[in-house]
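J.: Just so you know, we're using our numbering here: the sequence shown kicks off at 172 and counts up by one.
C-beta atoms are modelled at their ideal positions from N, C-alpha and C, and glycine is treated no differently.
The model shown is predicted, which means the values in this text are computed figures rather than measured ones.
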Amino acid sequence: MTNTFTADSHSARIDLRFEVYLCLSVAARARVSRQVVDMTTERERDHKSEVFSKALRDVIVTDNAVPDAYLWPKQELGPMLGHEEFGEDGIPLIDLGGFEELDNNQRRQIYDRIRGACATYGFFQVVNHGVDLRILDRIQAASKKFFDVPLETKEKLECKLEGDRLLGYGFYKSSKLKTQRRNWSEGLFVDKPHIARVSSTVWPEDTDSQTEFSESVEEYVGALRELGLRLTRLILNSLGVYPETYDKYMPKEPALMRLNHYPPCPDPSKTVGLVPHHDANFFTILHQGDVGGLQVKKDEGWVAVRPYPNAFAVNAGNMLQVISNDICKSVLHKAVVNQDSDRYSIAYFVQAPDWDHIAPLPELVDAAHPVKYRPFTWPEYLESQLANPSNALKNFEL
Numbered sequence: 172m173t174n175t176f177t178a179d180s181h182s183a184r185i186d187l188r189f190e191v192y193l194c195l196s197v198a199a200r201a202r203v204s205r206q207v208v209d210m211t212t213e214r215e216r217d218h219k220s221e222v223f224s225k226a227l228r229d230v231i232v233t234d235n236a237v238p239d240a241y242l243w244p245k246q247e248l249g250p251m252l253g254h255e256e257f258g259e260d261g262i263p264l265i266d267l268g269g270f271e272e273l274d275n276n277q278r279r280q281i282y283d284r285i286r287g288a289c290a291t292y293g294f295f296q297v298v299n300h301g302v303d304l305r306i307l308d309r310i311q312a313a314s315k316k317f318f319d320v321p322l323e324t325k326e327k328l329e330c331k332l333e334g335d336r337l338l339g340y341g342f343y344k345s346s347k348l349k350t351q352r353r354n355w356s357e358g359l360f361v362d363k364p365h366i367a368r369v370s371s372t373v374w375p376e377d378t379d380s381q382t383e384f385s386e387s388v389e390e391y392v393g394a395l396r397e398l399g400l401r402l403t404r405l406i407l408n409s410l411g412v413y414p415e416t417y418d419k420y421m422p423k424e425p426a427l428m429r430l431n432h433y434p435p436c437p438d439p440s441k442t443v444g445l446v447p448h449h450d451a452n453f454f455t456i457l458h459q460g461d462v463g464g465l466q467v468k469k470d471e472g473w474v475a476v477r478p479y480p481n482a483f484a485v486n487a488g489n490m491l492q493v494i495s496n497d498i499c500k501s502v503l504h505k506a507v508v509n510q511d512s513d514r515y516s517i518a519y520f521v522q523a524p525d526w527d528h529i530a531p532l533p534e535l536v537d538a539a540h541p542v543k544y545r546p547f548t549w550p551e552y553l554e555s556q557l558a559n560p561s562n563a564l565k566n567f568e569l
């Protein structure tokens, strides 16, 4: 095996660590050996700013043609729907309004819809979810304000490993190590302890902007923490997990959040905002704004997810697929871009608890539903993800 380093090979490695690390809990990441997770040498780190800066400059300032690094073969992207080419076969929309006042039969109908959506699509959307709409307005404004600052300012928040997780501003590159193609997007990874540093770096002389950004993000993180716990209870109940065992499966730490920006593209048919992928975490809560772009694989085609006002899209990750014994599907999904409009979205990654091992829930295994996965650890999952990014669970199937 050659050890020759190139800037492109570095970018591929960095992006793969984005995809894996953003889904890991703190304790789980701490248990992973440095041999697996710290693949970046000192020489590679020296190249990081140059690689990211060039890529980001390409995607932000290009207005005539899609650069070669962003061109994707059609067979790798699958059928291309327009960003607002919505069909009748849409992702289920579930209204959670007044849930606490519903009787048992009415609640069971909602549980059944959640279970059915997770089994059929791996996705559902929720409205009347309890998150104050003013919080959504503020985080949308904060996200747009961040991405509007000059590139040179955002680059000061270079995405890098901070203790046990990746944080900062970066460009998304394909996690497939065999290709060097890039995604048409930029993003900011942030968690609650690092919000103040982001705002003070971006607006060092503007205390009002610092305060507004920090308060908006902190408020959103707090609201999504509560929504994440609520959705966890709803999903577990839909699976038939006993309420007295909920605490064992509830997320135990603040999650990581990613602000996304997909600039207008001169030829959306030739590139992609985010390559088709599975999420590795428990589940993800996505606020996709008012511009379409999220698309979900179903059967042999793709379904465009309509962005309803103030709704959240929820999708199962690989860990939810495992603990549900394949009831909930972690499906391929992607983000497409368009020629006319900037698209902004916010992904909140709900982490799995720090279990000693990952395995299907005992309540979901019986003679009629045999266990689908052998138990495994986070380090084992990481090694599988590195070896097979497109199907990391294959090594654990029975």
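Within this structure, are the beta carbons of G341 and E534 separated by less than 8 Å?
T.: Result no, Cβ atoms of G341 and E534 do not sit closer than 8 Å.
J.: Can you tell me whether E568 is helix, strand or coil according to DSSP?
T.: Note: E568 maps to strand in three-state DSSP.
J.: With DSSP as the reference, identify every bridge partner of I265, one or two as the case may be.
T.: DSSP output for I265 lists V297 as bridge partner(s).
J.: Answer yes if the region 478-498 comes into contact with the region 541-557, meaning at least three C-beta pairs across the two stretches below 8 Å, and no otherwise.
T.: Contact holds: three or more Cβ-Cβ distances are below 8 Å.
J.: So what does H448 bridge to, in DSSP terms?
T.: For H448, which the question treats as bridged, DSSP gives the partners H504.
J.: Can you grab the Cα-Cα spacing for the pair A484 / D418, in whole Å?
T.: Cα-Cα distance, rounded: 24 Å.
J.: Using CA coordinates, which residue listed in G268, D497, H365 is at the minimum distance from E568?
T.: Nearest option by C-alpha distance: D497.
J.: Which value, in whole angstroms, describes the spacing of the CA atoms of R286 and Q296?
T.: C-alpha separation (whole angstroms): 13 Å.
J.: I need the boundaries of the beta strand (DSSP E) containing T455, first residue and last residue.
T.: From DSSP, the beta strand (DSSP E) with T455 extends over 454-458.
J.: Have a look at E333 and I366 and give me their C-alpha separation to the nearest angstrom.
T.: Between E333 and I366, the C-alpha separation is close to 13 Å.
J.: So that I know if they touch, is there some Cβ in chain B lying closer than 8 Å to that of G249?
T.: No chain B appears in the structure shown, which is made up of a single protein chain.
J.: Between P422, A475, A288, which lies nearest to M251 when the distance is taken from Cα to Cα?
T.: The shortest C-alpha separation from M251 is found at A475.
J.: Could you spell out the range, first to last residue, of the alpha helix (DSSP H) harbouring G399?
T.: 378-410 is the span of the alpha helix (DSSP H), which, as asked, contains G399.
J.: Check for me: the beta strand (DSSP E) holding A475 runs from which residue to which?
T.: Unbroken beta strand (DSSP E) run through A475: 472-475.
J.: Indicate the three-state DSSP secondary structure (helix, strand or coil) for Y420 in the structure shown.
T.: Y420: helix per DSSP, three-state reduction.
J.: Would you call the region 258-268 and the region 450-464 touching, i.e. three or more CB-CB distances under 8 Å?
T.: Output reads no: the region 450-464 does not touch the region 258-268.
J.: Pull up the CB-CB distance for S516 and H458, whole angstroms please, since I reckon it's below 8 Å.
T.: About 6 Å separates the two Cβ atoms, so the contact holds.
J.: Would you kindly report the start and end of the unbroken alpha helix (DSSP H) that includes R286?
T.: 275-291 is the extent of the alpha helix (DSSP H) around R286.
J.: Counting beta carbon pairs with one atom in the region 311-329 and one in the region 275-283, are three or more of them shorter than 8 Å?
T.: The region 275-283 is not in contact with the region 311-329.
J.: Would you kindly work out how many angstroms separate the C-alpha atoms of A539 and A290, rounded to a whole number?
T.: About 17 Å.
J.: Taking just the CA atoms, how far does P435 sit from R305?
T.: Using only the alpha carbons, I get a separation of about 27 Å.
J.: Per DSSP, which one or two residues make a beta bridge with G249?
T.: DSSP output for G249 lists no bridge partner at all.
J.: How about V603 and P439: do their beta carbons lie closer than 8 Å?
T.: Nothing can be reported for residue 603: it is not among the residues displayed for the chain, which extend from 172 to 569.
J.: Looking at L395: is its Cβ nearer than 8 Å to the Cβ of V369?
T.: No, these two residues do not count as a Cβ contact at 8 Å.
J.: What are the partner residues of N486, as DSSP defines its beta bridges?
T.: In DSSP, N486 forms a bridge with F294, T455.
J.: Could you have a look at R309 and say whether DSSP puts it in helix, strand or coil?
T.: Reduced to three states, the DSSP call for R309 is helix.
J.: Roughly how many whole angstroms lie between the Cα atoms of P364 and R404?
T.: So the two alpha carbons sit approximately 26 Å from each other.
J.: Within the same chain, show all residues whose beta-carbon is closer than 6 Å to that of T211, passing over the 5 residues directly before and after it, in chain order.
T.: The predicted model places T211 with a pLDDT of 41, which falls under 50 and marks its position as unreliable; any figure quoted below should be read in that light. Closer than 6 Å at Cβ, skipping near neighbours: no residue.
J.: Give me whichever residues DSSP pairs with D537 in a beta bridge.
T.: Looking at the DSSP assignment, D537 forms a beta bridge with H540.
J.: Name the one or two DSSP bridge partners that Q466 has.
T.: A475, K505.
J.: For L407 and M421, what's the separation of their Cα atoms in angstroms?
T.: The straight-line gap from Cα to Cα measures roughly 10 Å.
J.: For Q277, count neighbouring Cβ atoms within 10 angstroms of its own Cβ and tell me buried if that reaches 16, exposed if not.
T.: Exposed, since its Cβ has fewer than 16 Cβ neighbours within 10 Å.
J.: Assuming the contact rule is C-beta atoms closer than 8 Å, G293 and V493 should be a hit. Round their C-beta distance to whole Å, please.
T.: Not quite, the Cβ-Cβ distance comes to about 13 Å (not below 8 Å), so this is no contact.
J.: Spatial neighbours of V320 within its chain, please: CB distance less than 6 Å, with the 5 preceding and 5 following residues excluded, ordered by chain position.
T.: Within the same chain, V320 has close Cβ partners V373.
J.: With a CB to CB cut of under 6 Å and the five nearest residues on each side skipped, what residues in its chain are close to F317?
T.: Cβ within range, chain order: n/a, list empty.
J.: What did DSSP end up calling S555 once you bin it into helix, strand or coil?
T.: Reduced to three states, the DSSP call for S555 is helix.
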